[in-house]
Amino acid sequence: MSDRTEDLTRRTLQLVSRSTYVKEWLLKTLFFACAFTFVLAVALIFFFVGWKAWPIVADYGLGNFVGGSVWSAGKGSFGILPLIAGSFIVTIGALILGTPLAVGTAVFLSEVATPKVRSIVRPAVELLAGVPSVVYGFFGIIFLRSVVARFTGSLGFGAATSWIVLAIMIVPTIAALSEDALRSIPEGIREASFAMGATRWQTIYKVVVPAAKIGIFDAIILGMGRAIGETMAVLMVVGNAPVFPEGVFVPLATLTTQIVMDMPYAAGLHRTALFAMAAILFVFSMLLVASVRLLSRLRD
Amino acid sequence: MNKTTVDRIATTVLGLMAGTTVAILGMLLLYVFVNGIRAISPAFIFTWPHGVNAEGGIWPTIVSTVYVTTLAMLISAPVAVLAAVYLAEYAYQGKIVSAIRFAADSLASVPSIVMGLFGFALFVEAMDLGLSMTSAALALSLLMLPIIMRATEEAIRGVPKYMRWGSYGLGATKWQTVSKIVLPSALPRIITGIVLAMGRAVGETAVVLYTMGQAVNLPVTPFDSGRSMTVHLYMLAVEGINLPAAFGTALLLIVMILGFNLSARWILRRSRKV
Numbered sequence: 001m002s003d004r005t006e007d008l009t010r011r012t013l014q015l016v017s018r019s020t021y022v023k024e025w026l027l028k029t030l031f032f033a034c035a036f037t038f039v040l041a042v043a044l045i046f047f048f049v050g051w052k053a054w055p056i057v058a059d060y061g062l063g064n065f066v067g068g069s070v071w072s073a074g075k076g077s078f079g080i081l082p083l084i085a086g087s088f089i090v091t092i093g094a095l096i097l098g099t100p101l102a103v104g105t106a107v108f109l110s111e112v113a114t115p116k117v118r119s120i121v122r123p124a125v126e127l128l129a130g131v132p133s134v135v136y137g138f139f140g141i142i143f144l145r146s147v148v149a150r151f152t153g154s155l156g157f158g159a160a161t162s163w164i165v166l167a168i169m170i171v172p173t174i175a176a177l178s179e180d181a182l183r184s185i186p187e188g189i190r191e192a193s194f195a196m197g198a199t200r201w202q203t204i205y206k207v208v209v210p211a212a213k214i215g216i217f218d219a220i221i222l223g224m225g226r227a228i229g230e231t232m233a234v235l236m237v238v239g240n241a242p243v244f245p246e247g248v249f250v251p252l253a254t255l256t257t258q259i260v261m262d263m264p265y266a267a268g269l270h271r272t273a274l275f276a277m278a279a280i281l282f283v284f285s286m287l288l289v290a291s292v293r294l295l296s297r298l299r300d
Numbered sequence: 301m302n303k304t305t306v307d308r309i310a311t312t313v314l315g316l317m318a319g320t321t322v323a324i325l326g327m328l329l330l331y332v333f334v335n336g337i338r339a340i341s342p343a344f345i346f347t348w349p350h351g352v353n354a355e356g357g358i359w360p361t362i363v364s365t366v367y368v369t370t371l372a373m374l375i376s377a378p379v380a381v382l383a384a385v386y387l388a389e390y391a392y393q394g395k396i397v398s399a400i401r402f403a404a405d406s407l408a409s410v411p412s413i414v415m416g417l418f419g420f421a422l423f424v425e426a427m428d429l430g431l432s433m434t435s436a437a438l439a440l441s442l443l444m445l446p447i448i449m450r451a452t453e454e455a456i457r458g459v460p461k462y463m464r465w466g467s468y469g470l471g472a473t474k475w476q477t478v479s480k481i482v483l484p485s486a487l488p489r490i491i492t493g494i495v496l497a498m499g500r501a502v503g504e505t506a507v508v509l510y511t512m513g514q515a516v517n518l519p520v521t522p523f524d525s526g527r528s529m530t531v532h533l534y535m536l537a538v539e540g541i542n543l544p545a546a547f548g549t550a551l552l553l554i555v556m557i558l559g560f561n562l563s564a565r566w567i568l569r570r571s572r573k574v
C-alpha cells in the first residue's frame, strides 16, 4: 500500500473522533490478518512438509530418491521413478481420453445448445464436478474393473481402468471451466463471422475456439492438476504395484496411491520418503497454478 | 463437401460428445441409485455397524461427517469472509495482494493427500490434538478457505458502487458501510459459497482419513475421533465386504452433496427475486 493512500485515509479519518479512527484501524488490521492467513497457510504447508521430508534428501540423497528405479521399503530402497512414471502415465492417459469429450461438451453448451438444453446440462455437469472422488473410485472398482477384466482377461486393475475413472472425473471440471472461457468471448465477433457468411462450425473452429484458447488451456491444466493429485479414485483401481508397468492392464502405483498404501506402517526414513513425495506433489500443483496465472497475464 | 453439410455433421458430433458426457455421468448416478436405494432404510441410517462385515447401519459415520463439516465451516467461514472483505474493500493492488491471491489459488489446488499428511504431521502429532474432530476440521477448513473467499469476493464486488456512495454520503465510516450495507446485500451469495464449500468438505476422503482416523466412533467432544462416510465407503469397497452397505453409503453421500448444491442454488435464486 502506498504512503499516499495511507495518508489520505488518515486525513479523511481525522474528521471523526480518535476512538472511531482507532476502531477502524484495528478492524482493517484484523481483515488484513485474515487475508494474510492464506499466505501463512501455504508457507506452513510448504515448510512443515519440507521439514518432515528433509532427512530423505540429507541421508538418502535427492539423486537416489528421485532417480532411483526401485521402490522397496522392506529393503530400504526408496527410488520413486516408477511412482513418478505411474503418476504421469495415469494423468496423461486420462487427459487424452477426457479432454476432447470435455471441450466438445463445452463448445456444444456454449455455441450449439438451445438455452433450455443448456439450462439442464450445465447444472448437471457442475453437480458432477462435486461428486466425491471416493464414489468415482467405488464405481470404478465395482463396475469398470469387472468390465475391463471381462474384456481383457486380466484382473482389471491397472492404467487402463484408472484412465477411464479419472477421465470421467475430470470431464466435468474441464467442461465447466472451458465453457466459462467460451462464453466470455463477446457476441460481436460471432456476429461478424456469421455476417461474412461463415457457418456455425466455421465460426466455432476459426473464430470462437482460437479466441478462447488460453482459457481452455487453463481449464486443461487445472484438470491435469486434479488428475495428478487425485488419490482415492486412483487408489481403488490402479492395483498398487510400485513398478514400471509392462502394459496398461497390469497393476502400477502413483505417488499419491503409494503414500496411502505405506502410511499405516511407515516409520523413520520410509516415512520421510512419503512426506517428500507429498512435497513433490505440492510443488507440482503450485507450478501448475503459477503457469495458469502466467498464461492469464499473457492474455491481458 | 459443401459447408452446410460439414456444419451439420460437426454440430451433430459436438451434440453427441455432450450427450456422451451426460450419459456416462447419468449412468454412474443411476448405477449407484439403483443399487443403493435397496440398502437405505431408517434402520440403515440410524443404527450402528456391527460384526466383521459391518452389518447394520452407518449412523456414527453420518454424525462424524456432519460434525466435522460443521466445525470446519465455523473455523473457515469467518476468516474467509473477512479476508474477502479486505481484498474487495480495503486492499490496493500490490505485491502483498498478489501474494495473497497466489496463496489462495495454491491452497485451492493442494492435492487432498498432501493436506492429509500435513494435517497429520501438524495437527495430530506436533500440536498433539490426536486423531480428532478438531484436527480434521482444521485441515478441512484450509481446503474450504479459498472456495468461500472467492465466492465472497465476487459477491462483494457485485454490490453496486452507488450503494456505498449513499452510505458514505450519510457520513458512515468504512466499517459501518461494509457491515451495514455491503455485507447484508452480499449475504445470499456468501451463504451460497459457504454451502458449496461444505459440500466439498463432505466429499473429502484422504484429508479426514489421516486427521480423524478410521475407528467407528460416535463423536461427542471435538477431541473425539471418528470415521467419516467417505472413509467408511472406502473401507467397505476395498475390503469388498458388505457391498449393499457400500452402495447405500455412496448414495447417501451423493444425496447429501446434491442437497448442498440444490440449497445453494435455491438461496441464490430466491435472493435474485427480491
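Going down the list, the protein sequences come from chains A and B. Numbered according to our numbering, the first sequence spans residues 1 to 300. Numbered according to our numbering, the second sequence spans residues 301 to 574. The C-beta atom is built at its ideal place from N, Cα and C for all residues, glycine as well. If you're wondering where the values come from, they're calculated on a predicted model, not measured in any experiment.
Residue i and residue j closer than 8 angstroms at C-beta
| i | j | result |
| --- | --- | --- |
| A:Arg-150 | A:Thr-161 | no |
| A:Phe-143 | B:Tyr-331 | yes |
| A:Ser-178 | A:Gly-229 | no |
| A:Val-103 | A:Trp-163 | no |
| A:Glu-111 | A:Leu-182 | yes |
| B:Ser-406 | A:Val-42 | yes |
| A:Thr-272 | B:Pro-411 | no |
| A:Met-169 | A:Ala-233 | yes |
| A:Ile-174 | A:Val-208 | no |
Status (buried if at least 16 other CB within 10 Å, exposed otherwise) for residue i
| i | result |
| --- | --- |
| B:Ser-525 | buried |
| B:His-532 | buried |
| B:Lys-474 | buried |
| A:Lys-52 | buried |
| B:Glu-425 | exposed |
| B:Ala-497 | buried |
| B:Ile-337 | exposed |
| B:Ala-372 | buried |
| A:Ser-72 | exposed |
| A:Gln-258 | buried |
| A:Ser-2 | At A:Ser-2 the pLDDT is 47, less than 50, meaning the model places this residue with poor confidence; the figure from the coordinates comes in the next sentence. That one is exposed. |
| B:Val-334 | exposed |
| A:Thr-29 | exposed |
| B:Asn-302 | exposed |
Residue i, DSSP secondary structure in three states
| i | result |
| --- | --- |
| B:Gly-559 | helix |
| A:Ser-184 | coil |
| B:Trp-348 | coil |
| B:Val-313 | helix |
| A:Phe-217 | helix |
| B:Arg-308 | helix |
| A:Ser-2 | Legend: pLDDT at A:Ser-2 = 47, less than 50; position of this residue unreliable, no value from coordinates given. |
| A:Phe-157 | coil |
| A:Ser-72 | strand |
| A:Leu-252 | strand |
| B:Glu-355 | strand |
| B:Phe-547 | helix |
| A:Phe-244 | coil |
| B:Phe-333 | helix |
Extent of the continuous alpha helix (DSSP H) to which residue i belongs
| i | result |
| --- | --- |
| A:Ser-285 | 268–299 |
| A:Phe-36 | 18–55 |
| B:Thr-434 | 433–457 |
| A:Gly-93 | 81–107 |
| B:Val-368 | 359–385 |
| B:Pro-484 | 483–502 |
| A:Arg-301 | Missing from the structure shown is residue 301 of chain A; chain A here goes from 1 to 300 and no further. |
| B:Gln-514 | Looking at the DSSP string, B:Gln-514 is not in any alpha helix (DSSP H), and its letter there is neither H nor E. |
| B:Asp-405 | 395–409 |
| A:Met-232 | 232–237 |
| A:Tyr-60 | Per DSSP, A:Tyr-60 belongs to no alpha helix (DSSP H) and is neither H nor E. |
| A:Leu-144 | No alpha helix (DSSP H) holds A:Leu-144; DSSP gives it neither H nor E. |
Closest Cα partner of residue i within the set the options
| i | options | result |
| --- | --- | --- |
| B:Leu-429 | B:Gly-513, B:Phe-333, B:Ile-494 and B:Gly-326 | B:Gly-513 |
| A:Val-147 | A:Phe-249, A:Ala-267 and A:Met-196 | A:Phe-249 |
| A:Phe-138 | B:Thr-305, B:Ile-309, B:Gly-548 and B:Ala-323 | B:Gly-548 |
| B:Ala-388 | B:Leu-553, B:Thr-521, B:Val-482 and B:Arg-527 | B:Val-482 |
| B:Ala-546 | B:Gly-315, B:Ala-354 and B:Thr-320 | B:Ala-354 |
| B:Pro-519 | B:Thr-347, B:Ala-550 and B:Met-433 | B:Met-433 |
| A:Tyr-60 | A:Ser-69, A:Phe-78 and A:Ser-296 | A:Phe-78 |
| B:Leu-325 | A:His-270, A:Val-237, A:Val-208 and A:Ala-167 | A:Ala-167 |
| A:Arg-293 | B:Phe-418, B:Ala-399 and B:Tyr-468 | B:Ala-399 |
| B:Thr-505 | B:Gly-319, B:Ala-437, B:Glu-454 and B:Leu-445 | B:Ala-437 |
| B:Tyr-386 | A:Phe-282, A:Phe-38 and A:Phe-244 | A:Phe-38 |
Where residue i meets chain E, residues with beta-carbon distance less than 7 angstroms
| i | result |
| --- | --- |
| B:Ile-337 | Any reference to chain E falls outside this structure, whose protein chains are A and B. |
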